[in-house]
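Colleague: There's a structure below that I have some questions on.
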């Protein structure tokens, strides 16, 4: 009996998922095994380098306190990220729509990205104190640049015929921009959102480390001051996991809004 097209696509999708998942799983497993063996057999002190098993044991022992610190960092990161995405898309549209604004604002956005976090974090502590508000603003300010740039570039890359067709059908330029061009440029905009997501957790944690009352930054500061490496790795794992969850949510949003990527694009990506 001939297999149905949906069943074939599901089987093909499952096979692709397995092929894409096996290499990172195998490499991570091998890395952890070598790491554990090197620490155990090499007699390396836990203060110098904790073994994976020691890190897991530390996470279990300190789980409530670790999650309490992580909750504050997640709160700051989530709000700052949402603000960065909204502001980034809005600024990107403005930069695309006005040559004058592009010339006036783009250098300022670029300059803001060149300032080290350690140089501006003290100012935010003076302005906002040790409250989460300052960390949220920092995450938003440092995260909106890639979203704004990719929004502008995506809109500039939209073929002219999309606008011509919409205008011919009676739409005005404003409606065409928000309902046609942004839709066509959405894949590239999501690329900017992913770039933003890659470092928002790190920004929040670094800002907390420089001055806060709670969060993973304070957790790392305490672990460093007491020369305990397992809690440092515990916080690192939580940051990586939080970033992974954020990437998954972005992928879900892209799928719900735009649908799945084309089969040809996925096959081309696998072939590279």
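Residue numbers (UniProt numbering): 1 to 272. Each residue gets a CB set at the ideal place from its N, CA and C atoms; glycine is no exception.
So, do the region 112-123 and the region 72-82 have three or more beta carbon pairs nearer to each other than 8 Å?
Modeller: no
Colleague: Which term fits residue 209, buried or exposed, when burial requires 16 or more other beta carbons within 10 angstroms of its beta carbon?
Modeller: Counting from one through the chain shown, the residue named residue 209 turns up at place 209. Buried: at least 16 other Cβ atoms inside 10 Å.
Colleague: What's the gap between the Cα of residue 205 and the Cα of residue 171?
Modeller: Position 205 of the chain shown, counting from 1, holds the residue named residue 205. Position 171 of the chain shown, counting from 1, holds the residue named residue 171. Rounded to whole angstroms, residue 205 to residue 171 spans 46 Å at the Cα level.
Colleague: Out of curiosity, what's the CA-to-CA distance linking residue 252 and residue 92?
Modeller: Residue numbering aside, residue 252 sits at position 252 when the chain shown is read from its first letter. Residue numbering aside, residue 92 sits at position 92 when the chain shown is read from its first letter. Near 23 Å, if we compare the C-alpha coordinates of residue 92 and residue 252.
Colleague: Between the beta-carbon of residue 150 and the beta-carbon of residue 211, is there less than 8 Å?
Modeller: Position 150 of the chain shown, counting from 1, holds the residue named residue 150. Position 211 of the chain shown, counting from 1, holds the residue named residue 211. No, they are not a contact pair.
Colleague: Quick one: Cα of residue 95 to Cα of residue 102, how far?
Modeller: As a position in the chain shown, residue 95 is number 95, starting the count at 1. As a position in the chain shown, residue 102 is number 102, starting the count at 1. Roughly 4 Å separates the two Cα atoms.
Colleague: According to DSSP, is residue 68 helix, strand or coil?
Modeller: Along the chain shown, one-based indexing puts residue 68 at 68. Reduced to three states, the DSSP call for residue 68 is helix.
Colleague: At which residues does the alpha helix (DSSP H) containing residue 240 begin and terminate?
Modeller: Counted from its first residue, the chain shown places residue 240 at position 240. Looking at the DSSP string, the run of the alpha helix (DSSP H) that includes residue 240 is 229-258.
Colleague: Whole angstroms are fine: how far does the CA of residue 104 sit from the CA of residue 258?
Modeller: In the chain shown, the residue the question calls residue 258 occupies position 258. In the chain shown, the residue the question calls residue 104 occupies position 104. Per the coordinates, the alpha-carbon of residue 258 lies some 33 Å from the alpha-carbon of residue 104.
Colleague: Cβ atoms of residue 196 and residue 146: under 8 Å apart, would you say?
Modeller: Translated into the one-based positions of the chain shown, residue 146 becomes position 146. Translated into the one-based positions of the chain shown, residue 196 becomes position 196. Yes, Cβ-Cβ distance for residue 146 and residue 196 is below 8 Å.
Colleague: Can you tell me which of 198, 141, 87 and 52 puts its alpha carbon nearest to the alpha carbon of residue 116?
Modeller: Position 116 of the chain shown, counting from 1, holds the residue named residue 116. Checked all of 198, 141, 87 and 52; the closest Cα to residue 116 is 141.
Colleague: Can you round the beta-carbon distance between residue 200 and residue 77 to whole angstroms, since I take them to be within the 8 Å contact cut?
Modeller: For the purposes of this step, residue 200 is taken as residue 200 along the chain shown, with counting starting at 1. For the purposes of this step, residue 77 is taken as residue 77 along the chain shown, with counting starting at 1. Between residue 77 and residue 200 the Cβ distance is about 5 Å, and since that is below 8 Å, they are a contact.
Colleague: According to DSSP, simplified to helix, strand and coil, what is residue 24?
Modeller: The sequence position of residue 24 within the chain shown is 24, counting from 1. Helix.
Colleague: Tell me which residues share the same chain as residue 213 and place their Cβ nearer than 7 Å to its Cβ, disregarding the 5 neighbours each side in the sequence.
Modeller: Here residue 213 corresponds to residue number 213 of the chain shown, with the count starting at 1. Here residue 213 has 130 as same chain residues with Cβ atoms under 7 Å from its own Cβ, once five neighbours each way along the sequence are excluded.
Colleague: By the three-class DSSP mapping on this structure, what secondary structure does residue 158 have?
Modeller: Here residue 158 refers to the residue found at position 158 when the chain shown is read from its first residue. Coil at residue 158, not helix or strand.
Colleague: Exposed or buried, which one is residue 107 when buried takes at least 16 other CB atoms within 10 Å?
Modeller: Working through the chain shown from its first residue, we reach residue 107 at position 107. Residue 107 counts as exposed, since fewer than 16 other C-beta atoms from the protein chains shown sit within 10 angstroms of its C-beta.
Colleague: To the nearest angstrom, report how far apart residue 81 and residue 31 are at their CA atoms.
Modeller: Position 81 of the chain shown, counting from 1, holds the residue named residue 81. Position 31 of the chain shown, counting from 1, holds the residue named residue 31. Cα-Cα distance, rounded: 32 Å.
Colleague: Any heavy atom of the ligand NAD within a distance shorter than 7 Å of the CB on residue 96?
Modeller: Because no ligand of any kind appears in the structure shown, any question about the ligand NAD cannot be addressed here.
Colleague: Beta-carbon within less than 6 Å of residue 128's beta-carbon, same chain only, minus the 5 sequence neighbours each way: which residues are those?
Modeller: Walking along the chain shown from the start, residue 128 turns up at place 128. Counting only Cβ-Cβ distances below 6 Å, and skipping sequence neighbours, we find 134.
Colleague: How is residue 214 classed by DSSP in three states: helix, strand or coil?
Modeller: Along the chain shown, one-based indexing puts residue 214 at 214. Residue state, collapsed to three classes: coil.
Colleague: Let me confirm a value: residue 272 is counted as buried when at least 16 other C-beta atoms fall within 10 Å, else exposed. Which label applies?
Modeller: As a first step, residue 272 is located in the chain shown; it is residue number 272 there, counting from the start. Because the pLDDT at residue 272 is just 46, under 50, the model does not fix this residue reliably, and the point stays unresolved.
Colleague: Closest to residue 54 by C-alpha separation, out of 241, 249 and 229, would be which residue?
Modeller: Within the chain shown, numbered from 1, the residue matching residue 54 stands at position 54. Nearest of 241, 249 and 229 to residue 54, Cα basis: 229.
Colleague: How should residue 240 be labelled, buried or exposed, when 16 other C-beta atoms within 10 angstroms of its C-beta is the threshold for buried?
Modeller: For the purposes of this step, residue 240 is taken as the residue at position 240 of the chain shown. The residue is exposed, with fewer than 16 neighbouring Cβ atoms inside 10 Å.
Colleague: Decide if the region 55-65 is in contact with the region 218-232; the criterion is three or more beta carbon pairs, one per stretch, under 8 Å apart.
Modeller: yes
Colleague: Can you tell me the Cα-Cα spacing of residue 260 and residue 226, whole angstroms?
Modeller: Position 260 of the chain shown holds residue 260. Position 226 of the chain shown holds residue 226. Rounded to whole angstroms, residue 260 to residue 226 spans 48 Å at the Cα level.
Colleague: Determine the DSSP secondary structure at residue 116, reduced to helix, strand or coil.
Modeller: Taking the first residue of the chain shown as position 1, residue 116 is located at position 116. Reduced to three states, the DSSP call for residue 116 is coil.
Colleague: Consult DSSP for residue 131 and reduce its assignment to one of helix, strand or coil.
Modeller: Translated into positions along the chain shown, residue 131 becomes position 131. Looking at residue 131 - three-state DSSP - the assignment turns out to be coil, as it is neither helix nor strand.
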